[in-house]
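Chains as they are written, first to last, in my numbering: chain A, 141 to 281; chain B, 141 to 281.
2 protein chains.
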Amino acid sequence: MNNSSRYTVAIHVLTLLAYCGPNPLTSEFISGSVNTNPVVIRRLLASLRAAKLVSSQGGPGGGWQLLKDPKQITLRDVLIAVEGGSIFPLHSSAPNPRCPVGRTIQSLLVGPFQSAQDAMEQDLNRTTIGALVKRAKASSE
Amino acid sequence: MNNSSRYTVAIHVLTLLAYCGPNPLTSEFISGSVNTNPVVIRRLLASLRAAKLVSSQGGPGGGWQLLKDPKQITLRDVLIAVEGGSIFPLHSSAPNPRCPVGRTIQSLLVGPFQSAQDAMEQDLNRTTIGALVKRAKASSE
DNA sequence: GCCAGAGTACTCGGATAATCCATGTCCGAGTGCGTACGG
DNA sequence: CCGTACGCACTCGGACATGGATTATCCGAGTACTCTGGC
C-alpha cells in the first residue's frame, strides 16, 4: 500500500471546492489550505480530472471546479480516482516461479485482496463530499 | 522492491515458512523465493518478530520460524504487523488552521477512515496463512 | 575410546554507499481582461 | 461613440534540481558443528 497522504489531500481539496461554492479555486489558493506546494495540488487534481470529477481552466479567473454534485461524490470515487486499481499491490518483481509458493501466491491473494477492498469500498460509499461539507460548515459556526 | 508491496511479501514469507514445515528458513533462502535481497527479508521479518509472529536464530541451522499455528494467523494480523496503525494516513504536514475546511477536515475523516478500515480488517480476518498453505499445496499437485 | 578445546562455517544484525521516488523550483503556453488607438 | 488590436496579468502544464526514503553492499557478532589433540 502506498502510505501517502494523497487520498486525504484529495478529499480535502474536493471538500474545499464544494465548500467554496461554484467559483473556481486556483491551485495556489488550495495549496494555502492544504499547506503544501501548488504543483502538488495540480498533479493531484490532474488525476481527479482524469476521473471526470473536476475541470481546470487557465487564465485570469481560472482555476479548478467540481464537475459533479458534491452529494454524488463518495469517498470511494475519490479513492479510485487517486489510487487507481488495487489497494494492495502485488510483488513489484515477480516471485520465483520454481518455488511452489512463489508461483502460486499471487493468484491466491487476488481473491482475498479483492474481497477486502470491496468491503472497504462499500463502507466508503456511505460518505459523500457533500456530507463532509455539511459537517465542516456546522463545525465552523 | 517497492515499499507498497511489503504486505504482499509478508504474506508470501509467512506462507513459505508454514509451507516448509517446522524447520527454520534462512533469509537468503526466502529471498530466493521472493526474488529480492536478503536484507529486505530480514527487515520485514524483524517487524513480524516484533508482532510475535516469528522468531530468528543465528548460526548454522538457524533461520526464521513461525511462533504460531498458521491456522491462527489471519491476514489482518499480518497487516497490522507490517503497516502498524492506519491504512489511510492523514496529512503529513498539518493543514491551515485558518481555513474552515483545513482545520476540521482531519477530525471529520477519522470516523469514516476507521470505519472503512474496520470493514476491511473484518474481511481479512476470514483468511488465514494456514488456508493459503493448503491451497498452495493443492495447486502444486 | 572419550572429552576438551580451538577452528570453521553459517546466520543474523547494524553501518555505510547507491538508487529511486516524491517534492519543490523554474520557465513556457494559453487565456481573458483592460486599455489604447483608429474609424 | 464604437470596434478592433495590442499588451499585460494570471493560471495551468511540463522540464529540470533537490531531499528523503528505500534498497543494496559490506563487515562484525554470535552460535553450533567439526576436527584435532590429549588423557
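We put the beta carbon where it would ideally sit given N, CA and C, even for glycine.
Computed from a predicted structure; not experimentally measured.
Burial state of residue i (16 or more Cβ within 10 Å)
i        : result
A/Pro162 : exposed
B/Asp209 : exposed
B/Pro235 : buried
B/Glu261 : buried
B/Ala278 : exposed
A/Gly311 : Because chain A spans 141 through 281 in this model, residue 311 of chain A falls outside it and cannot be assessed.
B/Gly242 : buried
B/Ala190 : exposed
B/Val179 : exposed
A/Ala207 : Sequence check: residue 207 of chain A is Leu here, not Ala. When all chains shown are included, A/Leu207 counts as exposed.
A/Ser167 : buried
A/Ser247 : exposed
B/Val153 : buried
Test: residue i CB closer than 8 Å to a CB of chain B
i        : result
A/Met141 : Note that A/Met141 has pLDDT 43, beneath the 50 cutoff, so the model's placement of it is unreliable and no number is given.
A/Thr268 : no
A/Ser233 : yes
A/Ser279 : yes
A/Pro200 : no
Neighbour flag for residue i against chain A, beta carbons, 8 Å
i        : result
B/Leu206 : no
B/Gly203 : no
B/Ser196 : no
Proximity to residue i [Cα-Cα], best of the options
i        : options                                   : result
B/Phe266 : B/Ile213, B/Val180 and B/Gly198           : Reading off the sequence shown, one finds Arg at residue 266 of chain B, where the question assumed Phe. Answer by Cα proximity: B/Ile213.
B/Ser145 : A/Ala276, A/Ser279, A/Phe253 and A/Trp204 : A/Phe253
A/Gly225 : A/Gln257, A/Leu156 and A/Ala186           : A/Gln257
A/Gln205 : A/Ala186, A/Val222, A/Arg216 and A/Pro240 : A/Ala186
B/Pro200 : B/Leu165, B/Ser255 and B/Ile170           : B/Leu165
A/Gly202 : A/Gln246, A/Phe169 and A/Arg275           : A/Phe169
A/Ala150 : B/Ser173, B/Leu184 and B/Pro229           : B/Pro229
A/Ile220 : A/Leu264, A/Gly172, A/Thr155 and A/Val273 : A/Leu264
A/Pro240 : B/Ile269, B/Leu193, B/Glu281 and B/Pro240 : B/Glu281
B/Ser233 : A/Ile269, A/Asp217, A/Leu156 and A/Thr176 : A/Thr176
B/Gly270 : B/Arg182, B/His231, B/Asp217 and B/Val222 : B/Asp217
A/Tyr283 : B/Val273, B/Ala276 and B/Ile227           : What the structure shows of chain A is the stretch from 141 to 281, and residue 283 of chain A is not part of that stretch, so it cannot be assessed.
A/Leu272 : B/Thr244, B/Arg275 and B/Pro237           : B/Thr244
B/Gly198 : B/Lys192, B/Ser171 and B/Arg182           : B/Arg182
B/Leu249 : A/Ser255, A/Arg275 and A/Leu249           : A/Arg275
B/Leu184 : B/Val222, B/Lys192, B/His231 and B/Ser196 : B/Val222
B/Val194 : B/Ser255, B/Pro237, B/Ala259 and B/Leu156 : B/Leu156
A/Leu188 : A/Ser173, A/Gly172 and A/Leu215           : A/Leu215
A/Val174 : B/Ser173, B/His231 and B/Tyr159           : B/His231
B/Pro237 : A/Gly172, A/Tyr159 and A/Ala158           : A/Gly172
Residue i: CB within 7 Å of a non-hydrogen atom of the ligand GTP
i        : result
A/Ser247 : This structure lacks the ligand GTP; in fact it carries no ligand of any kind.
*Using Cβ-Cβ distances below 7 Å, what residues of the region 148-171 of chain A are close to chain B?*
Thr148, Val149, Ile151, His152, Thr155, Leu156 and Tyr159
*asked:* Give me the subset of the region 171-193 of chain A whose CB atoms are less than 9 Å from a CB atom of chain B, sorted by chain position.
replied: Gly172, Ser173, Val174, Asn175 and Thr176
*asked:* Closer than 7 Å between beta carbons: that is the criterion. Which residues of the region 208-227 of chain A meet it against chain B?
replied: Leu215
*If you measure beta-carbon to beta-carbon, which residues of the region 245-260 of chain B are closer than 9 Å to chain A?*
Ile245, Gln246, Ser247, Leu248, Leu249, Gly251, Pro252, Phe253, Ser255, Ala256, Gln257, Asp258, Ala259 and Met260
*Could you name each continuous alpha helix (DSSP H) segment of 4 residues or more that falls completely within the region 143-189 of chain A, going from the start of the chain to the end?*
The qualifying runs are 146-159 and 167-174.
*Taking only runs that begin and end inside the region 179-239 of chain A, name each unbroken beta strand (DSSP E) of 3 or more residues, in chain order.*
194-197 and 203-206
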